[in-house]
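Going line by line, the protein sequences match chains A, B, C and D.
This note's numbering applies: residue 3 is where the first sequence begins, and numbers increase by one.
This note's numbering applies: residue 3 is where the second sequence begins, and numbers increase by one.
This note's numbering applies: residue 3 is where the third sequence begins, and numbers increase by one.
This note's numbering applies: residue 3 is where the fourth sequence begins, and numbers increase by one.
Each residue gets a CB set at the ideal place from its N, CA and C atoms; glycine is no exception.
Number of protein chains: 4
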Amino acid sequence: MKVIITEDYQEMSQVAVQHLLGVMHSQHRKNISITAGSTPKGVYEMLVPLVKNKKYFEHVHFYNFDEIPFKGEEDRYGVTMTNLHNLFFGPAEIDRERIHVLDWTNYETQDERIKADGGLDMVLLGVGSDGHFCGNLPNTTKFGDLTSRVNANATPEMADVLLSEVGGDKEKQPDFYVTMGPKSIMQVKKLVMIANGKKKAGIVKQLVDGTVMENVPATLLTPHPDMTLIVDKEAASLLSY
Amino acid sequence: MKVIITEDYQEMSQVAVQHLLGVMHSQHRKNISITAGSTPKGVYEMLVPLVKNKKYFEHVHFYNFDEIPFKGEEDRYGVTMTNLHNLFFGPAEIDRERIHVLDWTNYETQDERIKADGGLDMVLLGVGSDGHFCGNLPNTTKFGDLTSRVNANATPEMADVLLSEVGGDKEKQPDFYVTMGPKSIMQVKKLVMIANGKKKAGIVKQLVDGTVMENVPATLLTPHPDMTLIVDKEAASLLSY
Amino acid sequence: MKVIITEDYQEMSQVAVQHLLGVMHSQHRKNISITAGSTPKGVYEMLVPLVKNKKYFEHVHFYNFDEIPFKGEEDRYGVTMTNLHNLFFGPAEIDRERIHVLDWTNYETQDERIKADGGLDMVLLGVGSDGHFCGNLPNTTKFGDLTSRVNANATPEMADVLLSEVGGDKEKQPDFYVTMGPKSIMQVKKLVMIANGKKKAGIVKQLVDGTVMENVPATLLTPHPDMTLIVDKEAASLLSY
Amino acid sequence: MKVIITEDYQEMSQVAVQHLLGVMHSQHRKNISITAGSTPKGVYEMLVPLVKNKKYFEHVHFYNFDEIPFKGEEDRYGVTMTNLHNLFFGPAEIDRERIHVLDWTNYETQDERIKADGGLDMVLLGVGSDGHFCGNLPNTTKFGDLTSRVNANATPEMADVLLSEVGGDKEKQPDFYVTMGPKSIMQVKKLVMIANGKKKAGIVKQLVDGTVMENVPATLLTPHPDMTLIVDKEAASLLSY
């Protein structure tokens with residue numbers, strides 16, 4: 003794992019964008035999976051004007067790697083795709099045919115569809131202070147899992163997590179979500195993970211120390227042959243360097 | 003992980019040789035780590051005449067990935083390099099400067115030396131019926147370990163294993179061995195693992211089933227983005243295919 | 003350009019097979035274009051038993067790079083595909099859906115179809131004593147040409163060449179042929195060219211000397227970043243080494 | 003060849019920087035050759051603050067691809083390295099040991115030194131309105147040339163060109179220059195060429211039309227398997243798109 007320590011959130015986002023654009027510039031089709039959430043907001047703010055209406059990125063295809071349904075509204079985008087649409091796909095005007103949606107209707111074939119598309123070339127990931135990545139929260143999926151469904155009773159906290167994800171509206175609180183598993187993500191050619199802020203300092207230290215433990219899911223990614231962790235100074239504050 | 007099921011030991015060896023030669027034919031330097039032991043004997047029998055005195059393989063460098071000293075004879079090759087010398091380096095007449103020896107004098111810098119050499123392009127591995135690979139036996143190293151020293155008291159059976167490795171001669175029974183760790187091997191660009199015979203059928207089934215467990219070390223390798231498992235029919239006999 | 007000098011036709015063929023198998027063993031789809039004619043007979047004799055009915059090569063797709071119609075019989079395979087079918091596709095029992103035929107009906111879209119398939123990963127080429135490769139004979143195509151139609155009046159000798167190609171039967175003598183052009187072939191990721199026998203010694207020397215001249219078409223390939231020329235001793239007899 | 007048409011000089015420079023950073027971000031050593039001159043000024047203005055004092059680019063090595071001596075001052079940098087130092091190496095504070103100087107003392111071993119370093123991963127090139135790239139002016143080097151010395155009498159205009167290159171000072175007017183040849187550049191893994199302004203519209207049209215002619219040297223690069231041409235609207239003004 004290569005660790006890149008940047009000055010601040012701005013530089014963290016910029017370096018992540020450099021990685022994305024480096025993979026996107028290619029003679030042939032590229033498949034990229036990108037993260038929703040708050041950490042990558044800076045990434046998408048920088049990326050949108052560089053990508054919008056650019057014909058030279060027409061060979062780039064995008065994939066989401068997890069999804070949470072709004073209960074009773076399963077006929078529309080879930081939490082992740084709604085967020086990705088707002089942050090990136092919408093403002094960057096990405097053609098619908100280059101967005102490959104993972105949701106509750108097709109998660110069981112996600113891994114084989116990606117394989118048929120030639121595999122993922124890169125994934126941009128965040129990491130939780132508990133060590134989760136994608137929807138792989140501690141004690142939900144196992145290291146060996148491919149794309150999976152995780153039920154609301156998987157852990158004591160999960161029901162609350164899901165309620166929070168749908169904005170606290172009890173009526174929309176889902177019974178499950180779907181996520182690409184640790185094994186799915188390890189098969190991606192290039193992994194790029196971003197983390198910023200003091201509250202990530204602990205998990206960043208764990209990742210750099212190098213122990214691999216199933217109850218800290220992101221530790222599995224540290225031995226990947228092309229893994230880059232990009233952090234700001236606060237997230238790096240517990241590292242000795 | 004791609005699983006290749008072959009008819010017999012002969013074909014298993016042949017397909018492994020095809021993978022090796024495919025990586026070795028290149029315009030630029032290639033770094034390959036290869037396994038000692040009994041499983042690869044067929045591989046080296048086929049490989050030696052194809053490689054011996056061939057100038058077109060002069061850019062290929064070789065690395066061993068573990069070593070066991072003969073106690074009291076630490077100034078000569080250990081068990082692994084002696085075996086590799088007999089099976090391959092000697093008969094294939096590989097130049098000494100293209101053989102990069104890992105032993106007890108330099109194991110602490112093995113990972114950084116490999117990184118400085120440009121990384122390993124391929125490793126050929128065997129697997130034990132207990133799920134060990136290289137010197138990563140159950141309950142010796144951890145998933146997150148780089149090249150490590152394992153002491154004779156690491157597990158109850160270890161002293162016996164080491165005695166057996168030096169041919170049962172108590173005087174030469176070593177107190178430790180060194181091995182590239184699970185994390186070291188995961189960073190190799192291409193992993194090829196071979197297994198043959200009924201006694202490997204159980205571990206092969208475990209690897210294909212896909213669970214990743216620290217006490218079955220080889221399961222860590224199954225999510226690697228370029229992992230190939232080559233088995234004969236007997237080793238595949240518990241698979242449903 | 004890397005030059006591999008082998009002892010004899012047998013070793014030349016073997017080393018070419020090693021290159022082919024090295025590209026064919028992969029986690030993902032591979033696209034390979036292969037040559038017909040007499041030079042590669044040894045290659046296909048070795049390759050057929052290694053490939054026939056092997057499920058582990060099911061992701062490999064094959065392309066021919068030129069074609070000559072039998073006049074009046076344009077509804078069946080031309081000279082090249084007939085030859086490739088007899089030498090390789092038939093005996094190796096390659097599925098029809100993995101054979102991508104270039105002929106007179108579709109040559110104008112050959113380059114864009116290949117691009118849509120992800121590009122060619124490797125091409126196995128022969129070379130004529132006049133420096134031709136594929137159907138790029140001196141003074142027919144230009145260095146900058148993509149897949150092209152060449153008419154029988156392109157050069158003074160062409161009518162005779164075409165008559166000979168269809169076995170001397172005047173009734174079947176075609177008015178043209180089609181071929182991937184020099185520029186099409188240069189865009190392939192890996193080029194492997196084979197040549198054997200005294201009558202190839204002159205062109206081999208020209209290729210190694212390194213001059214690039216449009217009337218010796220194969221000289222264009224010598225600066226390609228991944229070009230390997232495999233020759234036997236006779237074909238290498240004018241080289242100083 | 004992939005053609006990227008940008009709005010203006012600013013976007014042309016930005017897209018070239020994206021290509022450079024994409025190659026530079028890597029787990030292993032990368033070797034990059036970069037162009038001097040006026041076209042890339044915008045590239046270096048953007049690149050310097052992104053690269054200066056960034057430890058995460060410490061594995062990137064830089065190479066110049068041509069050099070013109072100041073006559074009588076052969077013990078200091080020539081025209082190209084002086085220019086590169088002013089534009090990039092100086093302001094970006096690149097360590098001296100990561101700058102691999104080509105000059106009159108070592109040009110004969112340039113190609114073999116690059117090969118020993120693992121090959122060039124990328125070259126950033128400009129193009130002249132006459133079709134020259136690096137020091138490969140029409141009728142100086144041949145397509146098949148590796149790194150070469152070109153004398154002042156190579157063409158009628160050369161003496162004037164050299165005088166202009168040293169700022170019009172007759173005393174410093176050199177008798178020759180050195181340049182990586184067309185064959186040297188073709189062997190680079192990734193080629194990126196930039197061109198802007200109306201006066202480049204003619205050569206850009208020639209490159210896109212695709213004819214390959216030795217007296218328009220840059221046309222040789224158009225069939226390279228990973229060639230990208232980045233132009234602004236003015237340089238693209240003769241293209242039909």
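What residues match up with residue i in a beta bridge as DSSP calls it?
| i | result |
| --- | --- |
| B:Arg78 | Per DSSP, none; premise fails for B:Arg78. |
| A:Met124 | A:Ile34, A:Lys192 |
| C:Tyr179 | C:Val152 |
| B:Phe279 | One cannot answer for residue 279 of chain B here, as it falls past the ends of chain B, which runs 3 to 243. |
| C:Ala197 | C:Val233 |
Starting from the beta carbon of residue i, find every residue of chain C whose beta carbon is closer than 8 Å, and list them in chain order.
| i | result |
| --- | --- |
| B:Tyr79 | Chain C residues near B:Tyr79: none, gap ~30 Å exceeds 8 Å. |
Listing by chain order, which chain A residues have their CB less than 8 Å from the CB of residue i?
| i | result |
| --- | --- |
| B:Val190 | Pro227 |
Applying the criterion that 16 or more other CB atoms from any shown protein chain within 10 Å of the CB defines a buried residue, is residue i buried or exposed?
| i | result |
| --- | --- |
| B:Thr111 | exposed |
| B:Asp77 | exposed |
| D:Glu99 | exposed |
| A:Lys54 | exposed |
| D:Asn66 | buried |
| B:Gln12 | exposed |
| B:Pro51 | exposed |
| D:Ser15 | buried |
| C:Lys57 | exposed |
| A:Asp211 | exposed |
Residues of chain D with CB under 8 Å from residue i, in chain order?
| i | result |
| --- | --- |
| B:Gly121 | Gln29, His30 |
Helix or strand or just coil, what does DSSP make of residue i?
| i | result |
| --- | --- |
| B:His102 | strand |
| A:His27 | coil |
| C:Ala156 | coil |
| D:Glu69 | strand |
| D:Ile7 | strand |
| B:Ser40 | coil |
| A:Asp171 | coil |
| A:Asn217 | coil |
| A:Val19 | helix |
| A:Leu241 | coil |
| A:His87 | helix |
| A:Val129 | coil |
| C:Pro93 | coil |
| D:Pro225 | coil |
| C:Asp147 | coil |
| B:Lys56 | coil |
For residue i, report the span of its beta strand (DSSP E) as first-last.
| i | result |
| --- | --- |
| B:Val244 | As shown, chain B starts at 3 and ends at 243. That puts residue 244 of chain B outside it, with no answer to give. |
| B:Leu231 | 229-233 |
Mind pulling the chain G residues with CB within less than 8 Å of residue i?
| i | result |
| --- | --- |
| D:Lys144 | This model lacks chain G altogether; the protein chains it does include are A, B, C and D. |
How would you list, in chain order, the residues of chain A whose beta-carbon sits under 9 Å from the beta-carbon of residue i?
| i | result |
| --- | --- |
| B:Pro184 | Val214, Pro225 |
Could you give the first and the last residue of the continuous alpha helix (DSSP H) run that contains residue i?
| i | result |
| --- | --- |
| C:Leu52 | 43-53 |
| B:Ile205 | 203-211 |
| C:Asp113 | 112-118 |
Could you name the residues of chain B that residue i contacts, counting a contact when the two beta carbons are closer than 9 Å?
| i | result |
| --- | --- |
| C:Val62 | Those within 9 Å of C:Val62 in chain B number zero; the least Cβ separation is about 13 Å. |
| C:Tyr11 | Result: empty, since nearest Cβ-Cβ is about 16 Å, beyond 9 Å. |
What in chain A is Cβ-close to residue i, meaning under 7 Å?
| i | result |
| --- | --- |
| D:His21 | His27 |
Starting from the beta carbon of residue i, find every residue of chain D whose beta carbon is closer than 9 Å, and list them in chain order.
| i | result |
| --- | --- |
| C:Thr313 | There is simply no residue 313 of chain C to check, as chain C begins at 3 and stops at 243 in what is shown. |
| C:Thr111 | Under the 9 Å cutoff, chain D gives no residues; its nearest Cβ is about 17 Å from C:Thr111. |
| C:Thr221 | Phe145, Gly146 |
Quick one: which chain B residues come within Cβ less than 8 Å of residue i?
| i | result |
| --- | --- |
| C:Ile6 | Tyr58 |
For residue i, which residues in chain C fall below 7 Å Cβ to Cβ?
| i | result |
| --- | --- |
| B:Ile169 | It is Gly, not Ile, that sits at residue 169 of chain B in the sequence shown. Chain C residues near B:Gly169: none, gap ~36 Å exceeds 7 Å. |
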